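Right, one structure below, let's go through it.
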Amino acid sequence: MAINLTIVFVLTMIIHTSETLSYSIRYAGVKLNKIAVALSLTGMIVLVSRTANMIQAPLTAKFIDYARVDASFDVLWCLRIILFAASAGTLVALFLFPTFVNVFERIIAKFEVVGSLPRLIASVTIGQIKNSRHYLQKPRFSFRHFRILGIPKRFMLLNTIVTGIYTVGVLSSLYAAYLSPAFSTTASQASGIINGVATIILTIFIDPQLGLITDRAIHDEGSKHQLGKIYVMLMLSRFLGTLLAQLFIVPAAYLIAWLVQVI
């Protein structure tokens, strides 16, 4: 199972790195005043994430099946390793953020010329890939000013909690399936119980606030330069959320195991 765990670890890193780097697309769009074009390109990120998830999901579920056959297999330890991969992937995205802002600025500009994503992909040459090294940029962090553009600390805290819930949703349902063999099928499909709470918080408290911040940056040159710092803080809160998921996984699994028995 070590090979499977390694594959799942890498795929989980790819999923969380790509999802977190969606901030770089938004920021590139704001810098170019092409936010609508930038958001249309987030499909590239979604494609990478979903492709990795398509392979990762069944491999992760296999750990539960293996644990039922081999009582000595520590399935919770494996799930915690996968959560650590989520943290590692988010941290990688945090350091790649300035580089990918530069890359996506170039992609957005070229997308306007070619007019479609397939043409954009087809227009990429080996020389352009080699020249991409010129977009590399070292990250520079300064957290002296936490409250930027009027963002309250509770907003960052909510983003951390939501990330923690989303990160642990599927894994906790799988662990609940292991804890309740008689209701394993129901439990394995019950990640929505956990993720539903995160969706409510995200829809009501986080997405509208983030939209206002982005819109303000588009119309205010001074705010535009500070928006990159805000996205860095949001990515940092996502990283903390993946660490928080380590605390959530067991309580969330027992909650799901209890619910599937009473519904």
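Heads up: the sequence shown at position 119 corresponds to 119 in our numbering, and the numbers run straight through without jumps.
Even for Gly, the Cβ is constructed at its ideal location relative to N, Cα and C.
Quantities reported herein were computed from a predicted structural model and do not represent experimental measurements.
Once DSSP output is grouped into helix, strand and coil, what is the label at residue i?
| i | result |
| --- | --- |
| S72 | coil |
| L202 | helix |
| Q189 | coil |
| P251 | helix |
| N33 | coil |
| D220 | coil |
| S180 | coil |
| L21 | coil |
| P58 | helix |
| M44 | helix |
| P208 | helix |
| M1 | coil |
| I161 | helix |
| I263 | coil |
Would you mind sorting residue i into buried or exposed? The rule is 16 or more other CB atoms within 10 Å of its CB.
| i | result |
| --- | --- |
| M233 | buried |
| V260 | buried |
| P98 | buried |
| R238 | buried |
| V323 | As displayed, the chain neither begins before 1 nor continues past 263, which places residue 323 out of reach and without an answer. |
| A182 | exposed |
| T90 | buried |
| M235 | buried |
| G211 | exposed |
| N34 | The sequence given here has Lys at residue 34, not Asn. K34 comes out buried. |
| S72 | exposed |
| E19 | buried |
| H16 | buried |
| M54 | exposed |
Review point. Which parts of the stretch 83-108 are runs of the beta strand (DSSP E), unbroken and 3 residues or longer, counting only runs that do not cross its ends?
Key: none
Practice item. Say whether the stretch 95-112 touches the stretch 26-41, bearing in mind that this needs 3 or more beta-carbon pairs closer than 8 Å, one atom from each stretch. Key: yes
Exercise for review: Evaluate the contact criterion for the stretch 158-176 versus the stretch 242-260: three or more CB pairs, one atom per stretch, below 8 Å.
Suggested key: yes
Practice item. Kindly confirm or deny that the stretch 211-222 and the stretch 190-199 touch, where touching means at least three C-beta pairs closer than 8 Å. Key: Taking 8 Å as the limit for Cβ pairs, the verdict is that the stretch 190-199 does not touch the stretch 211-222.
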